[in-house]
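Chains as they are written, first to last, in my numbering: chain A, 6 to 211; chain B, 261 to 545.
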């Protein structure tokens, strides 16, 4: 399984380089403005690279080949989830570093707010990952990409609609309880997602 | 004799295509050529052997072990090459060694390096820049570098020029020198199999039509050329298939020596695997 993870990371070598340049650009544009949007961008760009790895696999017809090796289907699926985890964590670390360096350069104080934003985005990125991996295993990387966009648009639409209709959205409340709920939700979603992906993949014919 | 591969009554339905009671063996120490047209069921059979697709019924064993129960152990000991390159464009040959070292217990970087240099493959270039011949040589080198005892090759030589094919066939001949080693090679380039195969298994529309030692086939079978008058004298069980053309009849006979004895004036030629295949598919009974 280590080999499978290594394969994905080696494959992303080129992408990492492009990403680095893009991130530098973003940081230069957004940090002086004190815009926290940049952290979300960074984490999501890293997180979504797991889709890129699967597109590469499809292109090379890798999965059928990998299954001729001493590798089980479960290991292949698990390795994808681990790659997603590694990418999310790397993105989060990069975001944190940019946050710390950025505030230092700008002479501002690194606030708990940035830390909270980064933490929440990290969890949301994991939720999206949990959503898209089973979709990919069911429909393939290209269709799943489109579906993900829909998955993002629907909750945003609902949110927008609620705001338009002046439905009160609870803004106050214990942030710790919210965080705990989000954490539980993410973890539960991740496990459920893995089990669904595994089921789909075990039945797949190449 | 122990078989490297044993398939008994494999059945698999795939939409409107079906494998029907496919059975054959790959005896240890031999090369079995698996032939058939495109869509005859070669790849499906190989995928069933590798557990890439499920099967409806049948028993498949490799090295005497059930392929589902002992899957990991079996896959540690086989090398597989499909008809294309399955490595990602961005990888280098060095990257492949690193990851395969983590996947196979027996991965041997020394052997791998040796194959790379034998095949004249550049060490730190992206695979993107490799030609098709180089990619296939790389796949074969990789398949041999964890010291497998059984090679499964699906159209591994098709689409390659004669020089590269020759080079690759030489590697297979080297591999088979060890009596513990065996090869199952599917191909529609039958001339390659004329050179290296010990047995020929011929699949047509999901059924095995022929499963025979190559020498027996080529020594025994022949093509009788004659007119319609002589053809009408032939017994039904003396020939396998016949084809009619403007000059008369071409008849694939089971035992050319017998025919020669019986009809001393007749012209009976030898036959190649390709001709046998064509007779079976295009000829009439």
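Note that beta-carbon positions come from the ideal geometry of N, C-alpha and C, so glycine has one too.
For residue 210(A), the C-beta contacts it makes with chain B under 9 Å involve 274, 307, 312, 313, 314, in order along the chain. Counting only runs of 4 or more residues that sit fully inside the segment 45-97 of chain A, the alpha helix (DSSP H) segments are 54-65, 67-71, in chain order. Beta bridge pairing from DSSP links residue 339(B) with 411(B).
Within the segment 19-42 of chain A, the residues whose Cβ lies closer than 7 Å to any Cβ of chain B are, in chain order, 19. Residue 348(B) has no beta-bridge partner at all, per DSSP. In the DSSP assignment, residue 321(B) falls within the beta strand (DSSP E) that extends over 317-322. Against chain B, the CB of residue 179(A) has no partner CB under 7 Å away; the residue lies outside that interface. Residue 284(B): member of the beta strand (DSSP E) spanning 277-287, first to last residue.
Across the structure, residue 124(A) and residue 53(A) are spaced so that their CA atoms are roughly 17 Å apart. Considering only 491(B), 326(B), 495(B), the residue with the shortest C-alpha distance to residue 509(B) is 491(B). DSSP, reduced to helix, strand and coil, places residue 31(A) within a helical segment of the structure shown.
Residue contact check for residue 359(B) against chain A: a CB pair falls below 7 Å.
The C-beta of residue 408(B) has 16 or more other C-beta atoms within 10 Å across all chains shown, which makes the residue buried. Here the segment 108-116 of chain A does not lie against the segment 68-84 of chain A, with fewer than 3 beta-carbon pairs under 8 Å apart. Where residue 416(B) is concerned, there is no enclosing beta strand (DSSP E), because DSSP gives it neither an H nor an E.
Here residue 139(A) is buried. Its C-beta has 16 or more other C-beta atoms within 10 Å. Here the segment 189-209 of chain A does not lie against the segment 273-280 of chain B, with fewer than 3 beta-carbon pairs under 8 Å apart. No Cβ-Cβ contact shorter than 7 Å links residue 56(A) with residue 130(A). Going by beta carbons, residue 146(A) and residue 201(A) fall outside the 7 Å limit. For residue 61(A), the closest C-alpha among the options 504(B), 432(B), 295(B), 388(B) is that of 388(B).
In the structure shown, residue 313(B) falls within a coil segment according to DSSP collapsed to helix, strand and coil. In terms of Cα proximity to residue 81(A), the closest of 8(A), 185(A), 26(A) is 8(A). Your pair residue 464(B) and residue 364(B) does not check out as a contact, with CB atoms roughly 36 Å apart and the cut at 8 Å.
Non-local beta-carbon contacts of residue 348(B) in its own chain, meaning distances under 8 Å to residues more than five positions away in sequence, involve 387 in chain order. In this chain, residue 36(A) is not harboured by any beta strand (DSSP E), its DSSP state being neither H nor E.
Contact between residue 448(B) and residue 418(B) holds, with the beta-carbon distance rounding to 7 Å and staying under 8 Å. At a cut-off of 7 Å between beta-carbon atoms, residue 160(A) makes no contact with chain B. Against chain B, a Cβ distance below 8 Å from residue 11(A) picks out 358, 359, 362. No Cβ-Cβ contact shorter than 7 Å links residue 319(B) with residue 327(B). Listed along chain A are 75, each with a C-beta nearer than 8 Å to that of residue 336(B).
Every unbroken stretch of the beta strand (DSSP E) spanning 3 or more residues and falling wholly within the segment 374-455 of chain B is given here in chain order: 410-414, 442-446. Judged by beta-carbon spacing, residue 460(B) lies within the 7 Å limit of residue 472(B), meaning their Cβ atoms are closer than that value. Nearest C-alpha to residue 450(B) among 531(B), 483(B), 524(B): 531(B). Across the structure, residue 368(B) and residue 103(A) are spaced so that their CA atoms are roughly 42 Å apart. With contacts defined as CB atoms closer than 7 Å, residue 400(B) and residue 291(B) fail to qualify as a contacting pair. In the three-state scheme derived from DSSP, where H, G and I count as helix and E and B as strand, residue 461(B) is classed as strand.
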